[in-house]
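>
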Amino acid sequence: MDTLSYKTLSVTPATIEKKWVVIDATDQVLGRLCSVIAKILRGKNKADFTPNLDCGDNVIVINADKVRMSNDKMNKREYLRYTGYPGGQRAYTPADLMEKSFKKTVHAGRHPLFIKVVKGMLPKTKLGAAQLRNLYVYNGSEHPHEANNPTVIDINKVK
């Protein structure tokens, strides 16, 4: 028996196939939507998932302004950050981050609320930061990535 025929093939950076997918966030619950987005960004939905490589797809989220949170979490939930100075603890709500996404100072495709939520679901390493850069979130239904021929995914059918 030839034992060399039982080798496990691993994905290399040269053999990774990255696709572009579009997800519509209309009337989706934020946390459940972002957990599916994080899974796609990591590549865990693919058969050739490799934990030490960026083998996930590029994700475009449209209609981010129509996302919802259960109960009144949009106004009552608080996220905390610390500036590093005495008395520098800052609190903000998801509604504050949603308002910030409409400002001209925020880069296109970098929705603060989605970045905050998805970042917590990715690895806290350089790989996680690289995977987070593959996420593009837009408030309206228009996006500038049509040249990449993205495929539309129905988020309710993805497991």
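Residues are numbered in our numbering as their position in the sequence shown, beginning at 1, plus a constant of 7. Every residue gets a Cβ at the ideal spot worked out from N, C-alpha and C, and that includes glycine. Since we're looking at a predicted model, the values are computed, not measured.
What is the DSSP secondary structure of Q35, counted as helix, strand or coil?
Start at 1 with the first residue of the sequence shown, and residue 35 comes out as number 28. Looking at Q35 - three-state DSSP - the assignment turns out to be coil, as it is neither helix nor strand.
> Between the alpha carbons of A71 and A137, how many angstroms are there, rounded?
Mapped onto the sequence shown, residue 71 falls at position 64. Mapped onto the sequence shown, residue 137 falls at position 130. Here the alpha carbons of A137 and A71 stand approximately 22 Å from one another.
> Using DSSP bridges, identify the partner residues of N65.
Within the sequence shown, the letter at position 58 stands for residue 65. According to DSSP, N65 bridges with W27.
> Please check the pair L120 and P101, which I expect to be a contact at CB under 8 Å, by giving their CB distance rounded to whole angstroms.
For this step, residue 120 is matched to residue 113 along the sequence shown. For this step, residue 101 is matched to residue 94 along the sequence shown. In this structure, L120 and P101 form a Cβ contact; the two beta carbons are roughly 6 Å apart against a cut-off of 8 Å.
> Who pairs with I160 in a beta bridge, going by DSSP?
As a first step, residue 160 must be located in the sequence shown, where it is residue number 153. Per the DSSP secondary-structure output, I160 pairs in a beta bridge with I30.
> For a test of the three-state rule: what should DSSP assign to A21, helix, strand or coil?
As a working note, residue 21 is residue 14 in the sequence shown. Coil.
> Less than 9 Å between the C-beta atoms of D64 and K26, yes or no?
Working through the sequence shown from its first residue, we reach residue 64 at position 57. Working through the sequence shown from its first residue, we reach residue 26 at position 19. A contact, by the Cβ cut-off of 9 Å.
> Please give me, in chain order, every unbroken run of the beta strand (DSSP E) with length at least 3 that falls completely inside the segment 103–162.
Counting whole runs of 3 or more residues, the segment 103–162 contains the beta strand (DSSP E) stretches 142–144, 158–160.
> With distance defined between alpha-carbon atoms, name the residue in Y92, K166, P151 nearest to V68.
Position 61 of the sequence shown holds residue 68. The residue among Y92, K166, P151 with its C-alpha nearest the C-alpha of V68 is P151.
> Closest by CA to S108, which one among E153, R39, V18, V74?
As a first step, residue 108 must be located in the sequence shown, where it is residue number 101. For the residues E153, R39, V18, V74, the minimum Cα distance to S108 belongs to V74.
> Let me know the secondary structure DSSP gives Y99 once reduced to three states.
Here residue 99 is taken as the residue at index 92 of the sequence shown, counted from 1. The answer is strand: DSSP assigns Y99 an E or B state.
> I'd like to know if the segment 22–40 and the segment 146–160 are in contact, where contact means that at least 3 CB-CB pairs between them fall below 8 Å.
yes
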